[in-house]
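At position 41 of the sequence shown the residue is numbered 895 (the numbering used here), and the sequence of numbers has no breaks.
Remarks on the structure that follows.
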Amino acid sequence: MKRQWSPVMGKQRGIILAEVVLAIVLSSGLLAIVVGWQQRQQQVEAYEQQLDYARQLMMVLQNYQQEFGSYPEHLAEIEASGYWENVLPTVQKAEWQWEFTTPFLDIRAQLPSAGQARWVAAQLPDARSNNTVLEIRMVQAAIINAVDTSVLLHRVAVADNPQLNQLATHISMQGHDIRDVGTLTANAVTAQQADMTRVTAKELRVENGLRLNNTSMTAVGNRLTVTAGLLELQGPVTISGLLDLQGNNLSGVNQLTANQLNVQQVSGENVTANEVTTELLQVDDLQVSANLTLAQFHSHDLQVDLLTADTLTATTLSANQATINQLQADYIYATDVIAGARSISENYDLINTYRALWEQCVDVGGCQ
855 MKRQWSPVMG KQRGIILAEV VLAIVLSSGL LAIVVGWQQR QQQVEAYEQQ LDYARQLMMV
915 LQNYQQEFGS YPEHLAEIEA SGYWENVLPT VQKAEWQWEF TTPFLDIRAQ LPSAGQARWV
975 AAQLPDARSN NTVLEIRMVQ AAIINAVDTS VLLHRVAVAD NPQLNQLATH ISMQGHDIRD
1035 VGTLTANAVT AQQADMTRVT AKELRVENGL RLNNTSMTAV GNRLTVTAGL LELQGPVTIS
1095 GLLDLQGNNL SGVNQLTANQ LNVQQVSGEN VTANEVTTEL LQVDDLQVSA NLTLAQFHSH
1155 DLQVDLLTAD TLTATTLSAN QATINQLQAD YIYATDVIAG ARSISENYDL INTYRALWEQ
1215 CVDVGGCQ
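Here is the structure:
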């Protein structure tokens, strides 16, 4: 049976065709937007790539000038010096050219579009665009060398750490702090307060005193004052001048050698001095080459090979046993002195007995 056309069917077909056309138009528009966005992203990436390269190139030129004193004549000198390692390798180096126009160094690059040249020039100092050409102007090395760079801060490339800055100058912080510095190297450092874990210095000068925990050291002229609860010295200590303890004790000394020793009390195993003046002396071994002045002398065992003195005076001299090989003196006052097998007191008593017998004999006229 033959199908007859009706106005309703024709209208439906027209609507379907319109929908298909609209879908095609929308799809084409969306595709155009996506393609345009991708192209824009690629354009932005290309712009940023050229900007990064320009910045890297300027840094390389500055570092080269600081080390060699002048800018390179061409790119081959930079490549030979090894400075090009930090520059992005994705950009063609041959696109860049420069020439010296006193007193500037002009760097030029032919970029793909005028828009790219304008955008990159707007991001850099002392840069401009001329159609598709990017121009960067830098001061020549001769002009920089003519300036006193000691008051300037300059950046020095550090291997594997290009973000670090090294300062080679005189720097004044105007009373502000310097913190979190790994290594500080300087000819002279002046600070009101320095908190450091370790200090390595050839010469350390402290004006108002050095404090180590609860111990402080101050110096006035040539006088050094140490305030501490306990001062402990390990190893040999040599003092060429005068050691004044201000009435305090000096203990824990294995060996003390001095030309003159003035103390209230001496107690030790070995004391060697040219002159000793003290109120109380208690030693195991005493060596005196000049004068010995004692208020009290106590010894468990005193052995003297030779004792020579202009005057030897003691209020009380007591000993359980005294052995003397040789004694030279103008006067000796003692209760008893034993010489050989007999004591002097026994001999003295015997002499007195003989004297009394002799006098009795003389009195009776019988002794001739």
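Glycine included, C-beta positions come from ideal geometry on N, C-alpha and C.
Query	Result
Beta-carbon proximity check, residue 970 vs residue 901, cutoff 7 Å	yes
Check whether residue 962 and residue 987 have beta carbons under 7 Å apart	yes
CA-to-CA distance, residue 1063 to residue 1073, given in whole angstroms	7 Å
Residue environment, residue 1214, which counts as buried when at least 16 other CB atoms sit within 10 Å	exposed
Boundaries of the beta strand (DSSP E) in which residue 982 is found, first to last residue	981-984
Contacts around residue 926, its chain only, beta-carbon distance under 8 Å, and the 5 residues preceding and following it disregarded	915, 918, 932, 935
Contact set for residue 953: own chain, Cβ-Cβ below 7 Å, skip 5 residues either direction	960
Close-in-space but distant-in-sequence residues of the same chain around residue 991 (CB under 7 Å, 5 per side omitted)	958, 960, 980
Residue 1006 (DSSP reduced to helix, strand or coil)	Residue placement at residue 1006 cannot be trusted, given a pLDDT of 48 that sits under 50; the coordinates are not used to answer.
Alpha carbon of residue 1211 to alpha carbon of residue 1200, nearest angstrom	17 Å
Sequence-distant residues of the same chain with beta carbon closer than 6 Å to residue 1081, five excluded per side	1070
Residue 1204 (DSSP reduced to helix, strand or coil)	helix
Euclidean distance between Cα positions of residue 1058 and residue 1066	15 Å
Test item: CB-CB of residue 1092 and residue 1116 under 7 Å	no
Residue 974 burial status per 10 Å Cβ neighbour count (16 or more: buried)	buried
Residue 1119 burial status per 10 Å Cβ neighbour count (16 or more: buried)	exposed
DSSP bridge partner residues for residue 961 (one or two, in chain order)	952, 990
From 1032, 1036, 1040, 1089, residue whose alpha carbon lies closest to that of residue 1048	1032
Range covered by the alpha helix (DSSP H) that runs through residue 972	968-977
Nearest candidate by alpha-carbon position, reference residue 989, set 951, 966, 967	951
Cβ neighbour criterion (16 or more within 10 Å) applied to residue 977	exposed
Helix, strand or coil at residue 898 according to DSSP, with G and I counted as helix	helix
With 16 other Cβ atoms within 10 Å as the buried cut-off, status of residue 904	buried
Selection from 1035, 1096, 1097, 1105 that minimises the alpha carbon distance to residue 1086	1105
Residue from 1110, 966, 907 with nearest C-alpha to residue 897	966
Three-state class that DSSP yields for residue 1118 in the structure shown	coil
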